[in-house]
Amino acid sequence: MAHRLETKSVDQADRDSPGAEYTRRQTTLYDAVAGRVGYEGFLTDQQPSKYRDTASTSQVPLPPEEILFRRKGAPVRFAEDDVYEADRHLQPHQRLPDSDLLKTIHAYVADYYDRTSKAHGNVDVRSLDETALLAFGILLEEASGHALGSTGDLAFVESVEANVSDEPSRPP
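First residue of the sequence shown: 0, per numbering that gives the first Met the number 0; consecutive thereafter.
Structure representation (structure tokens):
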């Protein structure tokens with residue numbers, strides 16, 4: 000059963016006026032990555048009853064790839080030529096950042112804009128588009144790789160500089 004991803008968002012004034020047309024807001028991949036879209040459209044802040052013993056699927060966000068491939072005119076998805084696996088043809092030195100890292104960065108930035116903007120996240124500034132997100136992911140992976148070393152064993156070792164500056168001066 001296919002669910003429509005296009006939903007009607009209506010403010011209170013439109014609901015109260017007779018014969019008013021509804022305004023539609025299209026879901027975007029940006030909304031999906033930020034976790035704002037569910038099976039029935041945009042997720043609301045409405046919480047299910049605390050006495051309910053089962054989770055409501057209407058409040059569960061959809062994965063971005065599911066929204067992308069549910070769109071009208073979307074290509075049929077086959078494992079052999081999956082667009083999300085296109086990075087397997089890259090050279091070893093051209094590796095892309097981990098997708099979980101990119102999803103986490105995007106969710107953090109979306110929440111940041113939601114909390115700090117006067118429009119509560121409803122402004123579309125596109126300051127973190129796909130190119131910027133990939134670049135930021137690469138920078139974070141490189142910085143963490145440099146800080147932790149190639150094997151990650153430096154996570155459990157104290158810095159030499161910290162030990163030198165923290166040592167108390169010894170009396171002569």
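Cβ coordinates follow ideal geometry from the N, Cα and C atoms, glycine included.
Check the C-beta distance from residue i over to residue j and give it rounded, since I have them as a contact under 8 Å.
| i | j | result |
| --- | --- | --- |
| L89 | G136 | That pair is no contact at about 14 Å. |
| R35 | P62 | Not quite, the Cβ-Cβ distance comes to about 13 Å (not below 8 Å), so this is no contact. |
| V32 | H92 | In fact, because the Cβ distance is near 27 Å, the residues do not count as touching under 8 Å. |
| L95 | L153 | Actually they are not in contact, since the Cβ atoms of L95 and L153 sit about 24 Å apart, beyond 8 Å. |
| T26 | G40 | 7 Å |
With DSSP as the reference, label residue i as helix, strand or coil.
| i | result |
| --- | --- |
| V36 | strand |
| R94 | coil |
| R24 | strand |
| R3 | Because R3 sits at a pLDDT of 40, beneath the cut-off of 50, its placement in the model cannot be relied upon, and the following sentence gives the value as read from the coordinates. In the structure shown, R3 sits in coil (DSSP, three-state: anything other than H, G, I, E or B). |
Under DSSP, the alpha helix (DSSP H) around residue i begins and ends at which residues?
| i | result |
| --- | --- |
| R69 | P63 to R69 |
| L138 | E129 to L147 |
Considering only C-alpha positions, which residue in the set the options is nearest to residue i?
| i | options | result |
| --- | --- | --- |
| Q110 | S149, E65 and Y29 | Correcting the residue identity first, residue 110 is Asp in this sequence and not Gln. Checked all of S149, E65 and Y29; the closest Cα to D110 is Y29. |
Subject >> Touching by the beta-carbon criterion (3+ pairs, under 8 Å), the stretch 137–153 and the stretch 65–73 >> reply: Counting Cβ pairs under 8 Å, fewer than three are found: no touch.
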